[in-house]
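Undergrad: Just so we're aligned: the sequence shown equals residues 1 to 170 in UniProt numbering. The beta carbon of each residue, even a glycine, is placed where N, CA and C say it ideally should be.
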Amino acid sequence: MKTVLWATLTANGNYAQSSPEHPPKKEALDDFAAHAKTAGNFIVGRRTFEGMQAAGGGGSFGDVDIVVVSKSIEPIPGITVAGSPKEALDYLQQKGHQTALIAGGADLHNAFLGQGLVDELIFNVAPVLEGKGLHLTIDTDRYQYKDAQLLDCKPLGGGIIQLRYAVGCF
Ligand SMILES: NC(=O)c1ccc[n+]([C@@H]2O[C@H](COP(=O)([O-])OP(=O)(O)OC[C@H]3O[C@@H](n4cnc5c(N)ncnc54)[C@H](OP(=O)(O)O)[C@@H]3O)[C@@H](O)[C@H]2O)c1
């Protein structure tokens with residue numbers, strides 16, 4: 001099963017944060033929904049999932065398999081809870097999915113990256129700047145370096161550029 005990390009970055013390289021005052025751009029949301037539909041699933045950290053619920057989006061993905069990674073969340077009907085990134089992937093693999101879409105947020109993305117569990121990156125670079133904020137990292141306890149191969153680059157509209165990379169073996 002291929003693992004694809006999907007994230008929005010700001011034009012100055014932050015891991016983009018959203019809020020009611022600064023919601024994600026429609027083009028980025030549409031792109032996420034299209035990838036989730038194609039994969040048939042997405043994996044999300046507990047805080048991002050709660051943000052989606054608060055924004056009214058937690059239950060609007062039809063029959064897409066949603067896996068929330070958390071050690072603390074109470075069971076939610078229709079949602080699978082996994083205690084770790086590996087447990088989330090094992091669940092989707094045994095369900096027969098070909099691709100797992102890793103939707104965020106920062107802690108969850110960094111856990112997958114730090115454990116070397118990502119095959120492909122999709123970065124949507126949005127035309128916004130942020131101050132001190134969140135970042136993606138492959139480090140756990142010491143400096144690491146990894147090559148990536150650019151697979152594709154295209155505009156999504158709304159000033160967003162999508163970059164797609166292979167990481168790991170290529
Ligand atoms: N740029 C983007 O594409 C994008 C996408 C999504 C979200 N975001 C932004 O990201 C921010 C939210 O991210 P966040 O880092 O605060 O939270 P998060 O990654 O959404 O959720 C963190 C929670 O997920 C669980 N978790 C994460 N890694 C785990 C692991 N290895 N094992 C077990 N559980 C794990 C834990 O839940 P428990 O505490 O319950 O154990 C943890 O507290 C927001 O600002 C949001 O706007 C950006």
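#1: Examine ligand 1 and report whether any of its heavy atoms sits within less than 6 Å of the Cβ of Ala7.
#2: Take Gly168 as the anchor and find which of Asp90, Gln149 and Arg47 has the nearest alpha-carbon.
#3: Any idea if Glu120 is buried or exposed, counting beta-carbon neighbours within 10 angstroms, 16 or more meaning buried?
#4: Just the Cα atoms here: how many angstroms apart are Lys25 and Met52?
#5: Arg142: beta carbon under 6 Å from a heavy atom of ligand 1?
#6: To which residues of the same chain is Asp152 closer than 7 Å at the C-beta, ignoring the five residues directly before and after it?
#7: For Leu101, which residues in the same chain have their Cβ closer than 8 Å to its Cβ, ignoring the five residues on either side in sequence?
#8: Could you check whether the Cβ of Gly13 sits closer than 6 Å to any heavy atom belonging to ligand 1?
#9: Applying the 10 Å Cβ sphere with the 16-neighbour rule, what's the burial state of residue 186?
#10: Where does the unbroken alpha helix (DSSP H) through residue 203 begin, and where does it stop?
#11: Answer yes if the region 112-130 comes into contact with the region 9-17, meaning at least three C-beta pairs across the two stretches below 8 Å, and no otherwise.
#12: Rounded to whole angstroms, how far is the Cβ of Leu129 from the Cβ of Leu89, which I believe are closer than 8 Å?
#13: Between His97 and chain D, is there a C-beta pair that is closer than 7 Å?
#14: In whole angstroms, what is the alpha-carbon distance linking Met1 and Gln98?
#15: Specify the secondary structure class of residue 176 as computed by DSSP and reduced to three states.
#16: Applying the 10 Å Cβ sphere with the 16-neighbour rule, what's the burial state of His109?
TA: If we stick to the structure as given:
#1: Ala7: yes, Cβ under 6 Å from ligand 1.
#2: Measuring from the Cα of Gly168, the nearest candidate turns out to be Gln149.
#3: Looking at its Cβ environment, which holds 16 or more other Cβ atoms inside 10 Å, Glu120 is buried.
#4: The straight-line gap from Cα to Cα measures roughly 15 Å.
#5: With a cutoff of 6 Å, Arg142 does not count as near ligand 1, since its C-beta is closer than that to no heavy atom of the ligand.
#6: Close CB contacts of Asp152 within its chain, under the 7 Å cut and outside five residues either way in sequence, are with Arg164 (chain order).
#7: The answer, listed in chain order, is Val4, Trp6, His35, Ala36, Ala39, Asn41, Phe42 and Ile43.
#8: Not one heavy atom of ligand 1 lies closer than 6 Å to the C-beta of Gly13.
#9: Any answer about residue 186 is impossible in this case: the structure gives the chain only from 1 up to 170.
#10: Lying before the first or after the last residue shown, residue 203 is absent from the chain, which here runs from 1 to 170.
#11: With the cut-off at 8 Å, the region 9-17 and the region 112-130 touch.
#12: Not a contact, Cβ separation roughly 34 Å.
#13: The chain labelled as chain D is not found in the depicted structure, where only one protein chain is given.
#14: If you draw a straight line from the Cα of Met1 to the Cα of Gln98, it is about 5 Å long.
#15: Past the boundaries of the shown model lies residue 176; the chain is included only from 1 to 170, so the question cannot be answered.
#16: Counting Cβ neighbours within 10 Å, His109 comes out buried, since at least 16 surround it.
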